[in-house]
Structure formats: structure tokens, C-alpha cells
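Trainee: Here it is, the structure in full.
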Amino acid sequence: MITFVGINRPGYTLKSPYPVEEVQMPLMDISSTMIRERLKEGKTIRYLTPPAVIDIINKYKLYS
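Quick note: the sequence shown uses the working numbering, first residue 9, plus one each step.
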């Protein structure tokens, strides 16, 4: 037996044929502009994106 967990989003109503445990989380307002600016300034984006995303940004030299 497993439990599906879903995070509530503003303006979205969960519709699932399966039982889902809904979780309230604070909204994180992160934009690509913020990511670009932080990288341009030499600041970390470590806590704004998953490690896999940072790897792709670095590998393909995105935002540079």
C-alpha cells in the first residue's frame, strides 16, 4: 500500500481517481530572471533549484 502526496497550488484543483494526501506548503516565487541575475553576480542558486538542474545549467552553459 502506498500513499500519494500532492502539494496544493493556487488556482489548481486536485482531480485524481486515486486517494491523495494534500499538503500545504509556502509558495516559492522563483523566476528564470532571478536565476540569471544570481548567476551573473556569482551568487549561488543551490537552494533555489535541484542539483540536477544546476548540473544541466553548468553542462550546457545556460544563462552565460
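All residues carry an ideal CB built from backbone N, CA and C; glycine is no exception.
1. Buried or exposed: residue 38, going by 16 or more other Cβ atoms within 10 Å of its Cβ?
2. Run the CB neighbour count on residue 64, radius 10 Å, all protein chains shown included, and call it buried at 16 or more, exposed below.
3. If you compare alpha carbons, which of 27, 40 and 66 is closest to residue 56?
4. Less than 8 Å separating the beta-carbons of residue 15 and residue 31?
5. Would you say residue 35 and residue 71 are within 8 Å of each other, going by their C-beta atoms?
Mentor: Here's the rundown:
1. By the neighbour-count rule (16 or more Cβ atoms within 10 Å), residue 38 is not buried but exposed.
2. Burial call: exposed.
3. Scanning 27, 40 and 66 for the CA closest to the CA of residue 56 turns up 40.
4. Yes. Within cutoff.
5. Not in contact: residue 35 and residue 71 (Cβ atoms no closer than 8 Å).
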